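Right, one structure below, let's go through it.
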Amino acid sequence: MRDVIFMAWRYLRFYRGKTAVLVASISLILFLPAGLHVLVEQGAEVLTARAETTPLLIGAKGSAVDLTLSALYFRPPHVESMRHREVTRVDRSGLAHGIPMHLRFTAGRQRIVGTTIDYAEFRGLTVDRGRWLAMLGECMLGSEAARALGVDLDDHVLSSAGSAFDVAGSFPLKMPVVGVLAPTGTSDDEIVLVDIKTAWVIAGLAHGHEDVNSAGKDDGRVLQREGRNVVANASVLSYTEITVENMDSFHFHGNPDGFPIDAVLAVPASFKASVLLRGRYEEGDVPVQMIVPSVVVNELLETMFSVRDWVVLGGLAVGVASAMTAALVFALSIRVRRREIETIQKIGGARKRLVTILGAEITFVIVMAVVIAGVLTAVVSRFGELAARLVGA
Amino acid sequence: MKILLFIAAMLVILAGCSDGRNEATESASAGAGKPLVYTTNYPLQYFVDRIAAPVVEVRFLAPGDEDPAYWRPDAESVLAMQKADLLVLNGASYEGWLKNVSLSPQRMVVTTDGLGDFLIPLETETTHSHGLEGEHEHHGTAFTTWLDPTLAAAQAASIEGVLAARWPRHADRFATQLAELTRELTALDAEAQAIVAGNPGLTVIFSHPIYQYFIQRYGLSARSVHWEPDQMPDETQWRELRAILGEFRAAWMIWEAPPLPQVSGRLASMGVRSAVFDPCANTPGSGDYFSVMRENLETLRRVFAADRPPAGR
C-alpha cells in the first residue's frame, strides 16, 4: 500500500501546478456554502441577541430598519430627529421608562452616543478604568473606541465638526475621558458615551460664553443694552471645553423638551405594559413610530437567509459544474497519461494496482481540499462574530 | 482547616472584585439593607424622613454652612447621588446645577412638578443675543416653596406617592406618616394665618428675596431688598432702602439670619427693627423643621403684635 501512496504522492508533487489548481478550486467549492452559512448564522446571532434585549424602540416615522440599525448598532442615522418630549410622553404613560439617544455626532469614526446614565444600567455596562460620567462635557469610551481613537483615561476626545454649512450650530467640543467601559462584545464597545445634555452642547443648543449681562456700556462686545435685554457682537467668546470654572455659564436655548433626539429606548414595566404601550402608538395619532427591534431584525434576517439560500444554491450549481469539470480533468489526465500507464503495465503493474494509484491521487486531492475548506470555515467561525460586528458598526 | 481558610479567603477576594465592577447599577443602599434616598435641601430630607422612616435612609449632601440653593455638587457628589434609589428634588429652579450633571431621570422625583400654577416667576429675567444664534432668555421661578405650608404639604404628598409606588409593601406606613405630617403642616398654616390676621395692614421688608411663597400665601404687604446678614450693605443699598421706605413705610426688616449689630443698629436709627425668620433650607443647628418654623412664627407673632409704624419719618 505504501508504494501506491508513494506513486500517487510523487505524481501530485511532480504536477504541483495542476494539483494546486484542483485543490484550490475544490476547497473553494466546499468552503463557500459552509463559510457563508457560518457567517450568516453568527451575524444573525449578534443581531438578534442585541435586538432581543431591546424591548421597544421609538423613532421618527420612516424606515424601521434604519431606526434599528442606528439605535442598536450605531449606524449613521438616516431617519429624521424627533423631540425629547417623546421621552416625557413615555415616562408619563406610567407603562415604561424612556431612555433618549442622540446619535448625530462622531469623534473620528466612532459614534458619539448622547443618552442618560440609565442607558449604562439598561445595557449592563461596567467601568473598566476610571469612573462614570458625572459632569457636563465628560465622555466615556467603549473598549474598541479607546483603541481606535488611541486615547485613554484623562486624555481628551474632540467631537467632529458638524456640516460645513452649519455655520451657527455644532462646534467641536473637547471632552475629557473620565472612564473606559469594560468590553461587552457588542456595538457598545465602539461608542463614545456622553450625557444627552453634552450632545446638545455639541449640537449648539446649549453653550457657555463670557458674561455679557454684567458687561459695562463701554465694553466693546456689547452692541446694545435695553433694560434686561443685552445685544452683544459675535466676538463674545464661546467655550469649546466645559470646565469647573466655566460650567455655570453653560445654558440651554429653549425648553429641552423640544430638543432633538434620534431614538427612545422604551423599557416597559411588564409584558402587559409593553402591549398596552404598543397599542397606544399603533392606534393613536402620534408623529412617531414604535417598533419591536427583534421583529425588525428577524425580518431583516429572513431577507439575509433568503439571499444566503440563493447564494448557497448558486454555489451548489457551481459546485456540481466544478465537480464535473474536475472529473473531466481526471479523465483527460488518464488519457494524457496513457503511455505512462502502458509502461507500468509492461513492467508488471496489475490493472487493479493502477486503478488504486489513480484513486489514491484523487483521494489526496479531495482530502487536501476538505482540510483547507475546514480550516477556512473554522477561521470564519472564530472571527465571524467580529467580522459581523465590524460590518454592523 | 487550611483548606477552609483558603476557600474563605478566595470568596472574600471574589466578592471584592465583583463590587468594583458594577458601579452603575449598585445601589448604596446595601450598607444597612435600606433603600437610599438623597434630597437637595433640609426640608425635603425632613419630609422624606417623616414619611418613610425607618424604611429608607435619607441623605443630603450640601455642607451645613452653605445655602443648598447655591451649592454645586462636584463629580464625587454626583457619583454618590447616582447610587441612590431615589433622588428627591425641590424643582422650581432650585437645583440650578441639574443641567450640569449626569443623573438618572428614572430615579428623580421633582416635588413641585404638579404645582406649576402656584410657582412665582422671578422678575430678573435677562435676554441676550450674540453672534448668529439670536435672542435667548434666562429665567426661573422663586424656589423656597416649603415656606408655604400648603405647598410643603403638596410636596410631601408628591414624595409619598413616589415612595409608595417604589416600595408598595410599605405604602400603608407611608400614608399614615404622611397624614401626620400633613396635619402638622396644616396646623402651622392655621397658626401663621391667625398671626397675620391680627394685624393685616402691617408692612414689612425682607432682607432677601426668598420669602415669595410665604408672602403670597398670607397676603403680606412686603418688599424685599437683597442684603446679606453677614455683610454691611454699601451706600447704594442704604439709598435703595431709604427710597423704599419713602413710599412703603415699614417698621420691621425680616432677616434669614441675625444681621451684623452695626447693621441692625443703623436700621434701628431709621425706625426699622430687625427680626429673624429662618427659611431652614439647611439642617438647623438644633431642632427640626417644625421647631424652626414655630420659632419663626413666634418671631412673626412679636412683629405683628407690635405697634404700627410711625406715620412720618
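Going line by line, the protein sequences match chains A and B.
Counting in the numbering used here, the first sequence runs from 1 upward without gaps.
Counting in the numbering used here, the second sequence runs from 1001 upward without gaps.
Virtual Cβ for every residue (Gly too), placed ideally from N, Cα, C.
Computed from a prediction, not measured in an experiment: that's the story for all the values here.
- Residues of the region 1075-1095 of chain B with a C-beta less than 7 Å from any C-beta of chain A: 1075, 1078, 1079, 1082, listed in chain order.
- Counting only unbroken stretches of 4 or more residues, the alpha helix (DSSP H) elements lying wholly within the region 1037-1079 of chain B are 1042-1052, in sequence order.
- Neighbourhood of residue 102(A) in chain B, by CB distance below 9 Å: empty, with the nearest CB roughly 14 Å away.
- Annotated three-state conformation of residue 1226(B) is coil, per DSSP.
- When DSSP states are grouped into helix, strand and coil, residue 1232(B) belongs to the coil group.
- The closest CA to that of residue 55(A), considering only 265(A), 356(A), 350(A), is found on 265(A).
- Beta-bridge partners assigned by DSSP to residue 174(A): 158(A), 241(A).
- Residue 1197(B) is classed as exposed because its beta carbon has fewer than 16 other beta carbons within 10 Å across all chains shown.
- If you draw a straight line from the Cα of residue 184(A) to the Cα of residue 287(A), it is about 34 Å long.
- Counting only Cβ-Cβ distances below 7 Å, residue 1103(B) has contacts in chain A at 117, in chain order.
- Within the same chain, 83, 84, 85, 88 come within 8 Å of residue 257(A) by CB-CB distance, once the 5 residues on both sides are set aside.
- For residue 311(A), the uninterrupted alpha helix (DSSP H) run begins and ends at 293-336, by DSSP.
- Residues of the region 248-280 of chain A that bring their beta carbon within less than 8 Å of a beta carbon in chain B comprise 248, 250, 251, 252, 253, 254, in sequence order.
- For residue 135(A), at least one C-beta of chain B is nearer than 8 Å to its own C-beta.
- The contact set of residue 1099(B) on chain A, defined by CB atoms closer than 9 Å, consists of 136, 197, 206, 250, 251, 252, 256 in chain order.
- The contact set of residue 97(A) on chain B, defined by CB atoms closer than 9 Å, consists of 1105, 1106 in chain order.
- When the five nearest sequence neighbours on each side are left out, the beta carbons in the same chain lying within less than 6 Å of the beta carbon of residue 1164(B) are those of 1171, 1174, in order along the chain.
- Runs of beta strand (DSSP E) with 3 or more residues, each lying fully within the region 106-165 of chain A, are found at 110-115, 127-130, 139-141, 156-158, listed in chain order.
- Counting C-beta atoms within 10 angstroms of its own C-beta, residue 179(A) has 16 or more neighbours from the protein chains shown and is therefore classed as buried.
- Counting C-beta atoms within 10 angstroms of its own C-beta, residue 339(A) has fewer than 16 neighbours from the protein chains shown and is therefore classed as exposed.
- Taking residue 259(A) as reference, the option from 267(A), 14(A), 80(A), 21(A) with the minimal CA-CA separation is 80(A).
- With contacts defined by Cβ atoms closer than 8 Å, residue 1232(B) and residue 1267(B) do not form a contacting pair.
- In this structure residue 1092(B) touches residue 1119(B) by the C-beta definition: roughly 5 Å separates them, less than 8 Å.
- Three or more beta-carbon pairs drawn from the region 1148-1162 of chain B and the region 1047-1061 of chain B are found closer than 8 Å, and the two stretches are therefore classed as touching.
- Check the Cα spacing between residue 204(A) and each of 47(A), 95(A), 366(A), 105(A): the tightest is with 105(A).
- The Cβ atoms of residue 268(A) and residue 57(A) do not sit closer than 8 Å to each other.
- Contact annotation: residue 1279(B) and residue 1210(B) have beta-carbon atoms nearer than 8 Å.
- DSSP places residue 1107(B) within a helical segment (H, G or I) once states are collapsed to three.
- The beta carbon of residue 1265(B) sits closer than 7 Å to none of the beta carbons in its chain outside the five residues before and after it.
- In the DSSP assignment, residue 1255(B) forms a beta bridge with 1276(B).
- Assignment of residue 96(A) by DSSP, reduced to helix, strand and coil, places it in the strand class.
- In this structure the region 63-73 of chain A does not lie against the region 30-40 of chain A, because fewer than three pairs of beta carbons, one per stretch, are closer than 8 Å.
- Within the region 1161-1209 of chain B, the runs of alpha helix (DSSP H) that reach at least 4 residues and sit entirely inside it are, in chain order, 1171-1197.
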